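Q:
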Amino acid sequence: MKSPLNFFLLLLAVPLLFFEPGWGQLAIPGKVIFEEDFAEGPYPKGKNTLLKDSSWVARTTFGDWVKTDDGIEGTINEEDGHTPVITFTPPTELGDLIVELEFRFLDRDNVGKQSVRVAVDNREAIEKGHICSAWANWDNDFVPTGLTLEHIYKDEVFPKPEKKWLQWRDNRITIGNKPAGYEAGKWYTLRLEMIDGRALTTVINEHGDAVTVSGELRAFATPKSKISLTTGTSRHELRAFRVIEAAANENWTDAKTEPTNGKRPNIVLILADDVGVEAFNCYGGEDYETPRIDELAATGLKFTHAYSQPLCTPTRVQIMTGKYNHRNWTYFGILDPKEKTFGHRMQAAGYKTFIAGKWQLQSYDPPDWPNAERRRGTGMKVADAGFDEYSLFHSWDTEDKGSRYPDPKMDNNGTIETFEGEYGEDIWVDKIADFMERNKDGDEPMFVYYPMALPHWPFNPTPDSEAWKDASRRYEEDTAFFPDMMTYMDKLVGQLVDKLEEQGLREDTLVVFYSDNGTDRRITSTMNGVEIQGGKAYPIQSGVRVPLIASWPGTIEPAVCEDLVDASDFVPTLADLARLKVEDWWEADGQSFAHQLFGREHPNPREAIFCWYDPRPGWDKEKFDRSVFALDKRFKRYRDGRLMTIDPLIPIEVETTGDFSDEARAADEKLGSVIEEIINSGEPPLVDAYGDPLSE
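Reminder that position 258 of the sequence shown reads as 258 in this note's numbering, one-by-one numbering, no gaps.
1. Kindly indicate which three-state DSSP category T299 falls into: helix, strand or coil?
2. Under the three-state reduction of DSSP, which class applies to L574: helix, strand or coil?
3. With a floor of 4 residues, list each alpha helix (DSSP H) that falls wholly inside the stretch 357-396, ordered by position along the chain.
4. Assign Y405 to one of two classes, buried (16 or more other C-beta atoms within 10 Å of its C-beta) or exposed (fewer than that).
5. According to DSSP, what are the bridge partners of T49?
6. Ordered along the chain, which non-local residues of its own chain (more than five positions away) have a Cβ less than 7 Å from that of P291?
7. Might you give, ordered along the chain, the residues of its own chain that have their beta carbon closer than 6 Å to the beta carbon of W138, omitting 5 neighbours on each side?
8. What residue from N528, T353, Q347, R522 has the CA that sits closest to Y390's CA?
9. Considering only the alpha carbon of each residue, which of W65, P572, T341, T87 lies closest to N77?
10. Excluding five sequence neighbours on each side, which residues of the same chain lie with their C-beta closer than 7 Å to the C-beta of R474?
11. Expressed to the nearest angstrom, what Euclidean distance is found between the alpha-carbon atoms of S515 and F280?
12. Where does the unbroken beta strand (DSSP E) through V628 begin, and where does it stop?
13. Are the beta-carbon atoms belonging to A134 and A119 less than 9 Å from one another?
14. Checking the sheet assignment: what are the DSSP bridge partners for Q495?
15. How would you call L50, buried or exposed, if buried means at least 16 neighbouring beta carbons within 10 angstroms?
16. Answer yes or no: do V275 and V546 have a C-beta to C-beta separation smaller than 9 Å?
17. If E286 sits next to T487, beta carbons under 8 Å apart, how far is it from one beta carbon to the other, in whole angstroms?
18. In angstroms with no decimal places, state the Cα-to-Cα distance between P84 and L577.
19. By Cβ distance below 6 Å, which residues in the same chain neighbour H82 in space, the five residues on each side in sequence not counted?
20. How is P685 classed by DSSP in three states: helix, strand or coil?
21. DSSP three-state label for H602, please.
22. Using a threshold of 9 Å, state whether the C-beta atoms of Y324 and F513 are closer than that.
23. For P457 and N328, I'd like the C-alpha separation in whole angstroms.
24. So, using beta-carbon positions, are E245 and D96 closer together than 9 Å?
25. Going by C-alpha distance, which of D632, S568, P265 is nearest E556?
26. List the DSSP bridge partners of E245.
27. Going by the CB atoms, is the gap between G343 and T313 shorter than 9 Å?
28. Restricting to runs no shorter than 4 residues, where is the alpha helix (DSSP H) found entirely within the stretch 268-293?
29. DSSP has G74 in a bridge; who is on the other side?
30. Rank L580, A297, V382, D688 by C-alpha distance to the C-alpha of M346 and give the top, closest one.
31. Would H305 pass as a contact of V530 if the rule is Cβ separation under 9 Å?
32. Roughly how far, in whole angstroms, is the beta-carbon of L238 from the beta-carbon of I72, given that I think they are within contact range, below 8 Å?
33. Are the beta-carbon atoms belonging to W359 and P451 less than 9 Å from one another?
34. For my contact list, M380 and E417 are in at a C-beta cut-off of 8 Å; report their separation, rounded to the angstrom.
35. Going by DSSP, what residues sit across from Y324 in a beta bridge?
36. Is G300 near P572, with beta carbons less than 9 Å apart?
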C-alpha cells in the first residue's frame with residue numbers, strides 16, 4: 001500500500017485521476033512512474049527516442065503525428081493507410097498498474113470512426129497482439145468505451161457479458177458500454193486498470209465523473225513490458241499520458257464485484273418463512289415439487305453450507321443489520337429502532353427500495369402476556385426502516401394480525417386494509433412487479449426485499465388447492481396442505497422471474513432465495529432417502545441449515561459453492577454489489593460473499609459460522625435454554641462443550657464421544673476459540689419469556 005502522503009500529492013498534482021467513488025475502481029493509485037505531456041512534439045518515426053528525465057523509450061511505429069497547441073494529433077498515413085501508433089517501453093518490467101491517456105475528439109469526422117486506444121504488451125509472453133487494450137470510440141455503430149483481451153478462448157472468459165456489448169473475433173473478446181457518447185472539444189481521460197489478473201476501462205470527464213465504464217474481464221497475470229498508443233482517423237488530440245503504480249483497492253478485493261458494463265444490478269432478495277434444505281429437489285429433497293427454484297439453482301449459484309438462526313425474528317434482525325444477535329437483540333418480534341437496516345444502506349447507495357411480505361418487527365406480545373406493555377410497539381416502524389414503499393403483513397402494534405393467506409390484512413404505505421377473496425402472496429408479487437415496472441426506466445437501480453409468508457403456519461389451502469374452491473374451507477388448517485404451500489411458493493418465485501423477463505430486467509437483476517430458519521417441527525420430509533423432521537426453533541442442523549441460491553443470467557455462472565455463509569453476510573454483500581463501502585461504524589459482523597457470486601475464490605473465506613440464539617423475552621414456548629455454538633463444514637461445537645459431527649449431505653448432527661480424532665480435536669479447539677473470541681464483547685442477561693431475570 002502506498003503512503004497516504006504520496007496519495008494526497010497525487011490528488012493535487014493530477015486532478016483528472018479520480019472520479020466519483022460510487023463507480024468503484026479496481027486499483028488504488030500510487031506514485032506516477034512515467035508521465036509525458038507531448039510538449040516536445042511527436043517522436044521520429046521508426047526511431048527509438050530516449051525521453052529526457054526518464055529511462056523510457058518512445059517510438060512512432062505507424063501513421064503520422066503533428067504538434068498542436070495542446071499536445072499532438074494523429075493522422076492516418078496516406079501511403080500505407082495505417083492508423084498512427086506510438087509505443088512507450090519502460091526500462092524494467094511493470095507489475096500492477098494504471099495507465100491514463102488524456103484526449104479529445106475535435107470536429108466530427110465523417111470518413112470513419114474516431115478512436116483512441118491504449119494497449120499493453122509483453123512480447124516474451126505473447127509474441128503477437130496485446131495482453132489487453134482499452135479504447136474510446138466516437139462511432140455510432142459500436143460502443144464508446146471498451147476493453148479487449150486477446151489470446152483467450154470463450155470458455156476462459158469471465159464473466160459472460162451481455163451479448164449486445166460483446167464482440168468475438170477468433171480468440172479476441174471485446175466488451176463495452178453502449179449508452180454514453182462524447183462531445184467534440186471536451187477533454188476526457190481514458191483509464192486502463194490492470195491489477196491482480198483483472199482489467200477495467202473507464203472514461204472520465206474533466207469534472208472527474210465516469211462517463212462510461214466497460215465491463216471487467218480477467219487479463220493475463222503477467223508483467224507488462226510495452227505500452228502503445230493508437231488512434232483512428234484525424235481530428236482528435238492527445239494531451240498527456242501517464243503510468244501509475246497501483247495496489248488493489250481493498251474494497252474491490254473484498255467485493256470481487258463486476259462493474260457489469262457500468263451498471264449496478266437490481267436486487268430481489270426473497271426470504272422464505274420456515275423451510276429448510278430438505279424441502280427442495282435441488283438439495284436432494286424428494287417430497288415437494290419446486291421446479292422454478294430448482295431452475296434458479298441449476299442456472300445460478302447454489303450454496304450448500306448456508307445457515308440461518310433457528311427462528312424468524314433472530315434471523316430477520318441479523319440479516320437486516322449484519323450483526324450477530326448478542327449485540328443487538330432486544331425481544332422476540334422486535335427490531336431495535338436505533339439500528340440501521342440494509343434498506344437504509346441501499347437507499348444511501350442510491351437504490352429505490354421496496355419491501356413486501358411479513359414484517360412482525362414492530363410489536364408482537366399478545367395482550368394477556370405479563371409485562372407485554374413493556375414491549376408493545378417498541379420495535380422499528382417499517383416507515384423508518386429504509387424502504388421507499390411497502391406492502392406488509394403485521395407491521396402494526398396490535399396482536400390482531402388478521403390473515404396472511406386468505407382475505408389478507410395488509411399495511412400498504414401506511415394504509416391498513418383487508419383484501420376479501422384474495423390470497424396474500426398473490427398481492428405481494430403483483431405489487432413487486434408494479435414497483436419494478438414503475439421504476440425500471442429510472443436512473444436508480446432497485447432493491448426489493450420479499451420476506452414471504454409461505455410456507456409458515458397456518459397450513460391453509462392455496463388458490464391451487466382443491467379445497468380453495470370452497471370458500472368455507474379456506475381457513476382450514478391441516479399439515480396435508482404443506483405440499484400445496486411449497487408448490488405455490490415455488491410458483492410465485494417463478495412468476496417473479498417471469499415478470500422480470502417481461503419487463504426486460506432479468507439480465508440486470510440478481511435474484512437471491514434464502515430462508516429464515518428450518519422447517520416447522522410438524523413437518524417431516526425425505527432428503528436423499530432419509531426422513532428429516534423439521535427443526536424450527538431448535539439450534540440443531542435441521543433448524544439452521546437453509547437454502548441459498550443466487551441467479552443472475554449472463555453474469556453468474558452455474559455452479560455449486562461449498563463455502564460457509566450466514567445471515568450476517570448479507571449486509572456486506574449487498575454493500576459490495578451496490579459499491580458502497582462498509583464503514584467501521586456499521587459494526588457489521590458478516591463477511592461479503594460477493595466473491596463467490598462471480599465464481600471467484602474468496603481470499604479469506606469463512607472458517608466458521610457463529611450463532612448466539614435466545615428467543616426470550618417474548619417467545620419461549622418450549623422453555624428453550626440460551627444456545628451458543630460455532631460450526632464449520634464437518635463439526636459443530638456448543639458452548640457447553642459438546643462437539644457434534646455434521647453430515648455433509650443432510651441436516652443431521654451426531655455427538656462426538658470417546659477419544660477424539662486429531663481432526664475432531666483440532667475442530668474442538670478452533671470452534672471453541674471462535675465462540676470465546678466473539679462472545680468476549682458481552683451478551684444480554686438471561687431472562688424468562690416475560691423479560692424477568694433468570695439466575696445463571
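Virtual Cβ for every residue (Gly too), placed ideally from N, Cα, C. All figures in this text were calculated on a predicted structure; none of them were measured in a lab.
A: By the coordinates alone:
1. T299: helix per DSSP, three-state reduction.
2. The three-state reading of DSSP puts L574 in helix, counting H, G and I together.
3. Correct list: 372-375.
4. That one is buried.
5. Paired residue(s): A58.
6. Excluding sequence neighbours, P291 sits near D490.
7. Cβ neighbours of W138 beyond the five flanking positions: F105, Q114, Y182.
8. Among N528, T353, Q347, R522, the Cα nearest to that of Y390 belongs to T353.
9. Nearest of W65, P572, T341, T87 to N77, Cα basis: W65.
10. Hits under 7 Å: P406, N460, P461, W468.
11. In a straight line, the C-alpha of S515 is about 12 Å away from that of F280.
12. 627-631 is the span of the beta strand (DSSP E), which, as asked, contains V628.
13. Taking the C-beta atoms as reference points, A119 is found nearer than 9 Å to A134.
14. For Q495, which the question treats as bridged, DSSP gives no partner whatsoever.
15. Looking at its Cβ environment, which holds fewer than 16 other Cβ atoms inside 10 Å, L50 is exposed.
16. Result yes, Cβ atoms of V275 and V546 sit closer than 9 Å.
17. About 14 Å; that fails the 8 Å criterion.
18. Our two residues, P84 and L577, have alpha carbons roughly 40 Å apart in a direct line.
19. Non-local C-beta neighbours of H82 in its own chain, meaning closer than 6 Å and more than five positions away in sequence, comprise F62, G63, ordered along the chain.
20. In the three-state reduction of the DSSP assignment, P685 falls in the coil class.
21. Three-state DSSP puts H602 in coil, outside helix and strand.
22. Not a contact, by the Cβ cut-off of 9 Å.
23. The sequence given here has Trp at residue 457, not Pro. Near 27 Å, if we compare the C-alpha coordinates of N328 and W457.
24. With contacts defined by Cβ atoms closer than 9 Å, E245 and D96 form a contacting pair.
25. A small fix is needed here, since residue 556 is Ile in this sequence, not Glu. I556 has its Cα closest to that of P265, out of D632, S568, P265.
26. Note: E245 sits in a beta bridge opposite L97.
27. No, they are not a contact pair.
28. Within the stretch 268-293, no complete alpha helix (DSSP H) run reaches 4 residues.
29. Assignment of beta-bridge partners to G74 by DSSP yields W65.
30. That would be L580, whose Cα lies nearest to the Cα of M346.
31. Inclusion of H305 and V530 in the CB contact set at 9 Å is not warranted, their separation being larger than that value.
32. Yes, they are in contact, since the Cβ atoms of L238 and I72 sit about 6 Å apart, within 8 Å.
33. Cβ distance < 9 Å, so W359 and P451 count as in contact.
34. The Cβ separation is near 22 Å, so there is no contact.
35. Listed as beta-bridge partners of Y324 by DSSP are no residues whatsoever.
36. Judged by beta-carbon spacing, P572 lies beyond the 9 Å limit of G300, meaning their Cβ atoms are not closer than that value.
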